[in-house]
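Novice: The opening residue of the sequence shown carries number 3 in our numbering; numbering runs sequentially from there.
We put the CB at the ideal spot given by N, CA and C, even for glycine.
Owing to the predicted nature of the structure, the values given are computational and were not obtained by experimental measurement.
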Amino acid sequence: MSEADTAPTPMMAQYLAIKDANPDCLLFYRMGDFYELFFDDAVKAAAALGIALTKRGKHRGEDIPMAGVPVVSSEDYLQRLIAEGFRVAVCEQIEDPAEAKKRGSKSVVARDVVRLVTPGTITEETLLEPGRPNYLAAVARLGGGGPGAEYAIAWTDLSTGHFRIAETDLDRLSTDISALEPSELIYPDQLSGEPEIAPLVRRLQRAARAEPSVLFDGATASERLCRFFGVSTLAGFGAFSRAELSAAAALVSYLGKTQFAARPALERPRKVAPGSTMLIDPATRASLELTRTLSGRRQGSLLATIDRTRTGAGARLLAARLAQPLTDPAAIRERHDSVGFFVEEPAIATALRLTIKGAPDLERALARLSLDRAGPRDLGAVRETLDRFRQLRDLMAGAVLPAELASALGAVAAVPAELEQLLCALLADELPLQKRDGGFIANGAIEPLDDARALRDESRQYIAALQARYIEETGVRSLKVKHNNVLGYFIEVPEAQGKSLLGSYAGFTHRQTMASAMRFATVELADLEARIVEAGSTALKLELEAFDHLRAAVLADMAALRAAADGVAVLDVSSALADLARSDAWVRPEVDDTLSFCIECGRHPVVEAALKSSGGEAFVANDCDLSPPAGSGAKGGAIWLLTGPNMGGKSTFLRQNALMAVLAQMGAFVPATKARIGMVDRLFSRVGASDDLAEGRSTFMVEMVETAAILNQAGPRTLVILDEIGRGTATYDGLSIAFAAVEHLHEANRCRALFATHFHELTALAARLGRLSNATMRVKEWEGEVIFLHEVKPGVADRSYGIQVARLAGLPAAVVERARHVLSELEKGEQGEKRTAFVDDLPLFSMLSKPAPVAAQPKAEPVLDALKALDPDAMTPRQAMDALYELKRLERSAALPQGRKGL
Ligand SMILES: Nc1ncnc2c1ncn2[C@@H]1O[C@H](COP(=O)(O)OP(=O)(O)OP(=O)(O)O)[C@@H](O)[C@H]1O
Numbered sequence: 003m004s005e006a007d008t009a010p011t012p013m014m015a016q017y018l019a020i021k022d023a024n025p026d027c028l029l030f031y032r033m034g035d036f037y038e039l040f041f042d043d044a045v046k047a048a049a050a051l052g053i054a055l056t057k058r059g060k061h062r063g064e065d066i067p068m069a070g071v072p073v074v075s076s077e078d079y080l081q082r083l084i085a086e087g088f089r090v091a092v093c094e095q096i097e098d099p100a101e102a103k104k105r106g107s108k109s110v111v112a113r114d115v116v117r118l119v120t121p122g123t124i125t126e127e128t129l130l131e132p133g134r135p136n137y138l139a140a141v142a143r144l145g146g147g148g149p150g151a152e153y154a155i156a157w158t159d160l161s162t163g164h165f166r167i168a169e170t171d172l173d174r175l176s177t178d179i180s181a182l183e184p185s186e187l188i189y190p191d192q193l194s195g196e197p198e199i200a201p202l203v204r205r206l207q208r209a210a211r212a213e214p215s216v217l218f219d220g221a222t223a224s225e226r227l228c229r230f231f232g233v234s235t236l237a238g239f240g241a242f243s244r245a246e247l248s249a250a251a252a253l254v255s256y257l258g259k260t261q262f263a264a265r266p267a268l269e270r271p272r273k274v275a276p277g278s279t280m281l282i283d284p285a286t287r288a289s290l291e292l293t294r295t296l297s298g299r300r301q302g303s304l305l306a307t308i309d310r311t312r313t314g315a316g317a318r319l320l321a322a323r324l325a326q327p328l329t330d331p332a333a334i335r336e337r338h339d340s341v342g343f344f345v346e347e348p349a350i351a352t353a354l355r356l357t358i359k360g361a362p363d364l365e366r367a368l369a370r371l372s373l374d375r376a377g378p379r380d381l382g383a384v385r386e387t388l389d390r391f392r393q394l395r396d397l398m399a400g401a402v403l404p405a406e407l408a409s410a411l412g413a414v415a416a417v418p419a420e421l422e423q424l425l426c427a428l429l430a431d432e433l434p435l436q437k438r439d440g441g442f443i444a445n446g447a448i449e450p451l452d453d454a455r456a457l458r459d460e461s462r463q464y465i466a467a468l469q470a471r472y473i474e475e476t477g478v479r480s481l482k483v484k485h486n487n488v489l490g491y492f493i494e495v496p497e498a499q500g501k502s503l504l505g506s507y508a509g510f511t512h513r514q515t516m517a518s519a520m521r522f523a524t525v526e527l528a529d530l531e532a533r534i535v536e537a538g539s540t541a542l543k544l545e546l547e548a549f550d551h552l553r554a555a556v557l558a559d560m561a562a563l564r565a566a567a568d569g570v571a572v573l574d575v576s577s578a579l580a581d582l583a584r585s586d587a588w589v590r591p592e593v594d595d596t597l598s599f600c601i602e603c604g605r606h607p608v609v610e611a612a613l614k615s616s617g618g619e620a621f622v623a624n625d626c627d628l629s630p631p632a633g634s635g636a637k638g639g640a641i642w643l644l645t646g647p648n649m650g651g652k653s654t655f656l657r658q659n660a661l662m663a664v665l666a667q668m669g670a671f672v673p674a675t676k677a678r679i680g681m682v683d684r685l686f687s688r689v690g691a692s693d694d695l696a697e698g699r700s701t702f703m704v705e706m707v708e709t710a711a712i713l714n715q716a717g718p719r720t721l722v723i724l725d726e727i728g729r730g731t732a733t734y735d736g737l738s739i740a741f742a743a744v745e746h747l748h749e750a751n752r753c754r755a756l757f758a759t760h761f762h763e764l765t766a767l768a769a770r771l772g773r774l775s776n777a778t779m780r781v782k783e784w785e786g787e788v789i790f791l792h793e794v795k796p797g798v799a800d801r802s803y804g805i806q807v808a809r810l811a812g813l814p815a816a817v818v819e820r821a822r823h824v825l826s827e828l829e830k831g832e833q834g835e836k837r838t839a840f841v842d843d844l845p846l847f848s849m850l851s852k853p854a855p856v857a858a859q860p861k862a863e864p865v866l867d868a869l870k871a872l873d874p875d876a877m878t879p880r881q882a883m884d885a886l887y888e889l890k891r892l893e894r895s896a897a898l899p900q901g902r903k904g905l
């Protein structure tokens, strides 16, 4: 094979050069109306998208695999590729093909990558979830990995422009990142494999990405930030640590790397003060199902249950608040004041919620406008929002607002009125999606545009007139003036007449002979066509200029618009939480600096909602008081040790109290009749067991790692929820661990805690530990059946009723019967006999030889017998009354079964 055979074509050479520069992305290579993918990219994309894999030409003697997606529907494909974890480099033609032709017929149109589409940098409405922030985060470490290391996180939502920076430390790094649920996290490549990064990378998988350390370079960080924000000093933004600057600069440099020329209009970075939010580690977050259920769905999470917001920005703010509850009681009270206002003013709340319902997503439209990725409908979104802003102002005028709402409404009112006037004056009522075809500027708005449009439309009438004249002059009645993209305007006549016209009609120039028709051009048609094209392109040019003008006007008011959008989000969240509080009887909690934790008639919002929607029994409200015992002068909150039957409602009770703290401190009202919560700075929840195979840890190991974290980190302001610690190992080991853990929580951590256990032996600790009390879930037994009352009361459970629950769950009757037998033997053993002896007494597989027991015959019951004997049709009213009294008497004399019987 000669050199020439193996050398790539000029186009392929261009492709390979661009692909070489973007090795970790799928390359969308623009060819006409398609983005084409080649080689491995084509194979991967075809598999991921289910599109055809074809071939185009050869490279080094091999077929080149190719797959393509139409440009018009490329967003759908991008969305699916991003969801699958790919990054996409979008490569466009950056010159007019006509220019390329000038360089020679074989020359290739210049192309370059204009954008890298990555999960954290998308802005298209179709690619984003409306109610979820889409964070790109950067983590920086300065000072090596030793004890003096400084850590910081910067994060931005490109689709809204929010930009925050926070210092963090080794202990809370993972917790802080999990609160953000970033779509993409970048970290310096020198941290790859380091212990602080490894778990994050495992958790976030492909969303975590190592970037060259130069992006995180502390020495150039300030300068890069200044350049990005177009300022000469960062002094006006606040004081930032070196690690914070490094993380923030990495973020803006990464944006430069992915967005190329487009510069996103980020707001100025805001510092999040350390300790201003409640620490909730990833395991706690997952087990409480704050924003997602354990199976990863939004439906059934706390967020989905409480979300009554009416706008995308409101839903995002609610999610962000839930992910990061506050710790400053004054700031929390401010949010409660806002919710309280709408609870007290339902008429205003209802009107407000109607006004904002279905409002366009202003924040995201602004982000697209700033990146020059917007269409006419984004301008339309601004126009519509400004109209709603005005309605909001009118609606709330005169109301005496609490501080947070007053400032939110102030921001809404501060948007300059001229912008709305300008948009209303220029934009058409109905707007197309794309600006490239024009048609979005109103008639009568711009005079030269009206003229150009008139000329274009008149010319079309001239064509009709011209056709009539040609018919008359030639006598060919079937003559038509037509248009196509190759010939432009032309005259078409049937072939027979065409032939006679060829010689006789001097004005016609022959262009084409078809199977049954002939086509001609004339000078007049060519003139007209030129005028139409010119008028059309003049009109489009004027429209695009107007678009740029409007875009510039919007961007000039960007800061005010953003602040107003934030304000509407606050109004939305506050009124949504008020709506929830009113309809579901939630109350305003009191959050202060004490160590109280006193909840009256608390409920679990998600379980309650689930019971309600299934039409089942009503949720039973329960009190909880973990405040330091009154008058004891105790330095530390109380611990409740909760015992009770399986399925009795222990986990529900534990979680509902943890959720109560989260809800109260995010600024919501709570599902209770009264709540007083001394600020919780850290929340731990270890509920239920699961293994973590990805981390190579067994169920018990996970449980112990998480328990260790709690015992090592919980302080006096921490709230701890522990469910069945020590269950995953041998009984005595588990019991000992649980025992020691309770003692440690009481003596060393001194935190408020709820501890549920099936180890009834632990309840004896209450005699020794002053702040420990026993509580239990009430049950009633009836005929060997257990009835769960779901009521928490002081005291100790006598046993776990595990066997009854197992029977309810459908364990084979033989197994249930055998278990009952084993249990009674074990209980005897506990009362003095040696266990081993008893186990020896139970011959292995003895149950297999026994027939399955027949269901127990119902016991004779005098009330029932008497009832059965009655025949209402044969009774007088008097006799019926007497019979009723007799039944009552029988019922009273038959005492309800008590205690431990009927197993
Ligand atoms: N307060 C309540 N009011 C009404 N129903 C409740 C209440 N608490 C729990 N339940 C119902 O009981 C079911 C079992 O509750 P939960 O899982 O909390 O029990 P548990 O005591 O933790 O059980 P186990 O020890 O088996 O883990 C729940 O799914 C719910 O339907």
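Would Glu196 pass as a contact of Gly147 if the rule is Cβ separation under 8 Å?
Specialist: Yes. Within cutoff.
Novice: According to DSSP, Thr120 sits in a beta bridge with which residue or residues?
Specialist: Answer is none; Thr120 lacks a bridge partner.
Novice: Return the CA-CA distance between Leu665 and Arg58, expressed in angstroms with no decimal places.
Specialist: Rounded to the nearest angstrom, the two C-alpha atoms are 59 Å apart.
Novice: The beta strand (DSSP E) that contains Thr293, what's its start and end?
Specialist: Where Thr293 is concerned, there is no enclosing beta strand (DSSP E), given that its DSSP letter is neither H nor E.
Novice: Using alpha carbons as the reference points, say which of Leu217, Ala288, Leu724, Glu893 lies closest to Ile188.
Specialist: Nearest option by C-alpha distance: Leu217.
Novice: Just to confirm before moving on: does the CB-CB distance between Asn624 and Phe599 stay below 8 Å?
Specialist: Their beta carbons are not under 8 Å apart, which means Asn624 does not touch Phe599 by this criterion.
Novice: For Val744, verify whether its CB is less than 7 Å away from any heavy atom of ligand 2.
Specialist: In the structure shown, ligand 2 is absent; the only ligands present are ligand 1.
Novice: Per DSSP, which one or two residues make a beta bridge with Phe30?
Specialist: Note: Phe30 sits in a beta bridge opposite Val92.
Novice: Within 10 angstroms of its Cβ, does Ala839 collect 16 or more other Cβ (buried), or is it exposed?
Specialist: Unreliable positioning characterises Ala839 in this predicted model, as indicated by a pLDDT of 41, which lies under 50. The coordinate reading is nonetheless provided below. Ala839 is exposed by the Cβ-count criterion.
Novice: Any heavy atom of ligand 1 within a distance shorter than 7 Å of the CB on Leu613?
Specialist: Because some heavy atom of ligand 1 lies under 7 Å away, the Cβ of Leu613 counts as near it: yes.
Novice: Could you give the distance in angstroms between the alpha-carbon of Arg605 and the alpha-carbon of Gly639?
Specialist: One C-alpha to the other measures close to 21 Å.
Novice: Please determine, among Thr170, Leu202, Pro190, Glu198, the residue with the shortest C-alpha to C-alpha distance to Asp184.
Specialist: The residue you asked about is not Asp; residue 184 is Pro in the sequence shown. Comparing Cα positions, the closest option is Leu202.
Novice: What residue does the beta strand (DSSP E) around Arg244 start on, and which one ends it?
Specialist: No beta strand (DSSP E) holds Arg244; the alpha helix (DSSP H) holding it covers 244-261.
Novice: Please find out if some non-hydrogen atom of ligand 1 comes closer than 7 Å to the beta-carbon of Glu619.
Specialist: The answer is yes for Glu619.
Novice: State whether the segment 572-591 contacts the segment 435-451, with contact taken as three or more CB pairs (one from each stretch) at a distance under 8 Å.
Specialist: No, the segment 572-591 is not in contact with the segment 435-451.
Novice: Are there 16 or more other CB atoms within 10 angstroms of the CB of Met649, so buried, or fewer, so exposed?
Specialist: Buried is the call here.
Novice: Count the CB pairs spanning the segment 757-769 and the segment 735-745 that are closer than 8 Å, and state whether there are at least three.
Specialist: Yes: at least three Cβ pairs fall under 8 Å.
Novice: In whole angstroms, what separates the C-alpha of Leu882 from that of Asp875?
Specialist: Residue identity check: residue 882 is Ala in the sequence provided, not Leu. If I take the Cα positions, the gap works out to 10 Å.
Novice: What does DSSP give as the partner residues of Glu347 in its beta bridges?
Specialist: Note: Glu347 sits in no beta bridge, so no partner.
Novice: Should Val609 be listed as close to ligand 1, given that the test is whether its C-beta is under 7 Å from any heavy atom?
Specialist: Indeed, a heavy atom of ligand 1 lies less than 7 Å from the Cβ.
Novice: Whole angstroms are fine: how far does the CA of Ala245 sit from the CA of Gln806?
Specialist: One C-alpha to the other measures close to 58 Å.
Novice: In the DSSP output, what is Pro190 paired with across the bridge?
Specialist: BP columns for Pro190 point to Glu213.
Novice: With a threshold of 7 Å (Cβ to nearest heavy atom), would Val402 be considered close to ligand 1?
Specialist: Incorrect: Val402 has no Cβ contact closer than 7 Å to ligand 1.
Novice: Apart from the five residues just before and just after Leu397, which ones in its own chain have a Cβ nearer than 8 Å to its Cβ?
Specialist: So the qualifying residues of the chain are Ile350, Ala353, Leu354, Thr357.
Novice: With H, G and I counted as helix, E and B as strand and the rest as coil, what does DSSP make of Tyr803?
Specialist: DSSP places Tyr803 in coil when its eight states are reduced to three.
Novice: According to DSSP, which residues form a beta bridge with Ser775?
Specialist: Per DSSP, Trp642.
Novice: Taking Cβ to Cβ, would you say Leu644 is nearer than 8 Å to Ala777?
Specialist: Cβ atoms of Leu644 and Ala777: closer than 8 Å.
Novice: At which residue ranges does the segment 700-759 contain complete alpha helix (DSSP H) runs of 4 or more residues, listed in the order of the chain?
Specialist: Whole alpha helix (DSSP H) segments, 4+ residues: 701-715, 733-746.
Novice: Which same chain residues end up closer than 8 Å to Val865 when comparing Cβ atoms and leaving out the 5 residues on each side of it in sequence?
Specialist: Result list for Val865: Leu889, Leu892, Glu893, Ala896, in chain order.
Novice: Tell me whether the beta-carbon of Ala251 lies closer than 8 Å to the beta-carbon of Leu227.
Specialist: Cβ atoms of Ala251 and Leu227: closer than 8 Å.
Novice: Let me confirm a value: Arg117 is counted as buried when at least 16 other C-beta atoms fall within 10 Å, else exposed. Which label applies?
Specialist: Result: buried.
Novice: Following the continuous alpha helix (DSSP H) through Lys543, name the residue where it begins and the one where it ends.
Specialist: Run containing Lys543: 525-558, per the alpha helix (DSSP H) assignment.
Novice: Quick check: what's the CA-CA separation for Ser224 versus Glu592?
Specialist: Cα-Cα distance, rounded: 43 Å.
Novice: Report the rounded CA-to-CA distance for Thr511 versus Glu494, giving the unit in angstroms.
Specialist: So the two alpha carbons sit approximately 12 Å from each other.
Novice: Compute every distance between the C-beta of Asn624 and the non-hydrogen atoms of ligand 1, then say whether any falls below 7 Å.
Specialist: Asn624: yes, Cβ under 7 Å from ligand 1.
Novice: Which same chain residues, not among the five before or five after His485, have their C-beta less than 6 Å away from its C-beta?
Specialist: Excluding sequence neighbours, His485 sits near Tyr491.
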